[in-house]
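Contents: one structure, followed by commentary.
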Amino acid sequence: MTDKPLIEITDLEVTYWGRSLMGIGGKPFHAVRGANLSIRAGETLGLVGESGSGKSSIANAVLGLVTASGGSIRFGDAELTAMRTRYPPAIRSQIQAVFQDPYSSLNPSMTVEAIVTEPLHVHTSMDRAARRARAIELLKLVSLSEEHLDRHPHQFSGGQRQRIAIAAALALQPKLIVLDEPVSALDVSTQNQIINLLYERRAEFGIAYLMIAHDLALVHHISDRIAVMYLGHIVEEGPSDRVYHAPAHPYTRALLDAVPLLDPAAQRRRRAARKFAPAPDAPRLSATGCPYQNRCPHVMPRCRAEMPPAFAIAGGGTAACFLHAPDAGPAPETARLSGQPACKEPAAP
Ligand SMILES: Nc1ncnc2c1ncn2[C@@H]1O[C@H](COP(=O)(O)OP(=O)(O)OP(=O)(O)O)[C@@H](O)[C@H]1O
Ligand SMILES: [Mg+2]
């Protein structure tokens, strides 16, 4: 891995414009608000957060499927936001994607051979025989075989379809694959198989992943770093083990608490320990201050007045939370929020 990031996202904004009755104007919706992220060659960045937090909006801005309304996305020496959604072939071939739904992302009328070789057809001068030979190689990389080449997507399970999508994404040996919830639609054992497959191919080819998921526990295994999003903001970022075992932002903590515990008694105790409930009439997002203020059990007057910047966290990374301001002092909450293994049973009350 080199120190220079493969992709560097700075102050990224993604805004969607609603339609007014007359079809013009409408209100802007800020789905991504000043996101900063970077991924080095061969590195996996896990991006987590609840539904609607803006994860796919970042993914789609990287893929050129939506236009950034502000900020920058540098990929090597290229500024992707300047190209809007028209990436030249040299860039397009280096950034590939795998999406959540293997039932709708594969064209049902195409054979597996056509699906897997389509990128080769578009981006290389390989002839049909060479493409077919490469397709067989690619299927082997995802534990499928030559006999599957002439079949259609409906003849495969969800997990197998996702393997086909991964084979197509690997075809051009990209530098980056954007994985937008690639296993969310699959059962748990198939999820593990696909995660292992992605892990092995990354090690083999040195590909970088932007891996999106709801579940922090799931991305922890495969990610070098994890970033956590809440209402369009990156609220925490850092080395995977640090974020998972010692979450610094109260929202990351809440995400980890949402991972079910196997022991029902421990689950009951943890639920009881979660005393804080936001006021039912609190707005989701306030006009000023921290985006998490209305759900945060540690909210302080300062959190309502100003947006917390990203503070450095011991063990690596940052958290946008005033609990970690250098002048915050060792508040009891701060002590509780750091250094604790995630998913550990809370002490019985
Ligand atoms: N094309 C669009 N037009 C208007 N609003 C949109 C559009 N796409 C997304 N949004 C809104 O932007 C916000 C962020 O959406 P996004 O899909 O990026 O979230 P997400 O974190 O990927 O959620 P999920 O986990 O459900 O996939 C949501 O409130 C969503 O409703
Ligand atoms: Mg999404």
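In my numbering, each number is its position in the sequence shown, counted from 1, plus 3. Using N, Cα and C, we set each Cβ at its ideal position, and we do this for glycine too.
Which same chain residues end up closer than 8 angstroms to residue i when comparing Cβ atoms and leaving out the 5 residues on each side of it in sequence?
{"i": "Asp-14", "result": "Gly-37, Ala-38, Asn-39, Gly-73, Gly-74 and Ser-75"}
{"i": "Glu-348", "result": "Residue placement at Glu-348 is flagged as unreliable, the pLDDT there being 32, under the threshold of 50; a coordinate-derived value is accordingly withheld."}
{"i": "Asp-227", "result": "Glu-46, Thr-47, Leu-48, Pro-242 and Ser-243"}
{"i": "Ile-197", "result": "Gly-162, Gln-165, Arg-166, Ile-169, Pro-185, Val-186 and Leu-189"}
{"i": "His-126", "result": "Pro-92, Arg-95, Ser-96 and Leu-175"}
{"i": "His-157", "result": "Pro-111"}
{"i": "Glu-82", "result": "Ser-75 and Ile-76"}
{"i": "Ile-218", "result": "A quick correction: the sequence has Asp, not Ile, at residue 218. Hits under 8 angstroms: Val-51 and Val-262."}
{"i": "Leu-221", "result": "Val-186, Gln-194 and Ile-198"}
{"i": "Glu-53", "result": "His-217, Tyr-233 and Leu-258"}
Kindly list the residues whose CB is nearer than 6 angstroms to the CB of residue i, restricted to its own chain and excluding five residues on each side of it in sequence; keep chain order.
{"i": "Thr-84", "result": "Ala-71, Ser-75 and Ile-76"}
{"i": "Gln-194", "result": "Val-186"}
{"i": "Pro-253", "result": "Cys-299 and His-301"}
{"i": "Tyr-202", "result": "Ile-225"}
{"i": "Phe-32", "result": "Tyr-19"}
{"i": "Gln-153", "result": "The sequence shown places Asp at residue 153, rather than the Gln named in the question. Within the same chain, Asp-153 has close Cβ partners Thr-114."}
{"i": "Pro-255", "result": "First, the amino acid is wrong: residue 255 is Thr here, not Pro. Within the same chain, Thr-255 has close Cβ partners Val-231 and Glu-239."}
{"i": "Thr-120", "result": "Arg-134 and Ala-138"}
{"i": "His-236", "result": "Arg-36 and Pro-294"}
{"i": "Pro-353", "result": "The shown model of the chain, from 4 to 352, leaves out residue 353, and the question about it has no answer."}
{"i": "Arg-22", "result": "Gly-29"}
{"i": "Glu-149", "result": "Ile-139"}
{"i": "Leu-182", "result": "Val-101, Tyr-212 and Met-214"}
{"i": "Thr-337", "result": "At Thr-337 the pLDDT is 39, less than 50, meaning the model places this residue with poor confidence; the figure from the coordinates comes in the next sentence. Only Leu-326 meet the Cβ criterion."}
{"i": "Arg-307", "result": "Gly-292 and Gln-296"}
For residue i, is the beta carbon positioned less than 7 angstroms from some heavy atom of ligand 1?
{"i": "Lys-58", "result": "yes"}
{"i": "His-151", "result": "no"}
{"i": "Tyr-19", "result": "yes"}
{"i": "Ser-54", "result": "yes"}
{"i": "His-217", "result": "yes"}
{"i": "Ala-174", "result": "no"}
{"i": "Phe-32", "result": "yes"}
Would the beta-carbon of residue i be found less than 7 angstroms away from any heavy atom of ligand 2?
{"i": "Glu-184", "result": "yes"}
CB-CB under 7 angstroms to residue i, same chain, minus the five flanking residues each way: which ones, in chain order?
{"i": "Gln-97", "result": "Pro-177, Lys-178 and Leu-179"}
{"i": "Ala-345", "result": "Annotation note: pLDDT 35 at Ala-345 (below 50); position unreliable, no value reported."}
{"i": "Ile-118", "result": "Leu-109, Asn-110, Ile-167 and Ala-171"}
{"i": "Met-303", "result": "Phe-325"}
{"i": "Ala-261", "result": "none"}
{"i": "Val-69", "result": "Val-17, Ser-60 and Asn-63"}
{"i": "Arg-305", "result": "Phe-325"}
{"i": "Leu-288", "result": "Leu-234 and Pro-294"}
So if DSSP puts residue i in a beta bridge, which residue, or which two residues, is it bridged to?
{"i": "Ala-99", "result": "It is Gln, not Ala, that sits at residue 99 in the sequence shown. Gln-99 is bridged to Ile-180."}
{"i": "Val-353", "result": "With the chain represented from 4 up to 352, any question about residue 353 goes unanswered, as that position is not in the structure."}
{"i": "Leu-40", "result": "Ile-12"}
{"i": "Thr-321", "result": "Glu-240 and Ala-315"}
{"i": "Phe-32", "result": "Tyr-19"}
{"i": "Phe-78", "result": "Ile-10 and Ala-81"}
{"i": "Gly-73", "result": "Glu-16"}
{"i": "Ala-211", "result": "Leu-179"}
I'd like to know if residue i contacts chain B, where contact means its C-beta is closer than 8 angstroms to some C-beta of that chain.
{"i": "Asn-110", "result": "No chain B appears in the structure shown, which is made up of a single protein chain."}
Quick check: the region 208-215 against the region 43-56, are at least 3 beta-carbon pairs closer than 8 angstroms? yes
Pairing CB atoms from the region 137-150 with CB atoms from the region 89-97, are three or more of them under 8 angstroms? no
Report yes or no: do the region 58-68 and the region 239-249 share at least 3 C-beta pairs separated by less than 8 angstroms? no
Please confirm if the region 102-118 is in contact with the region 150-170, defined as three or more CB-CB distances below 8 angstroms between the two stretches. yes
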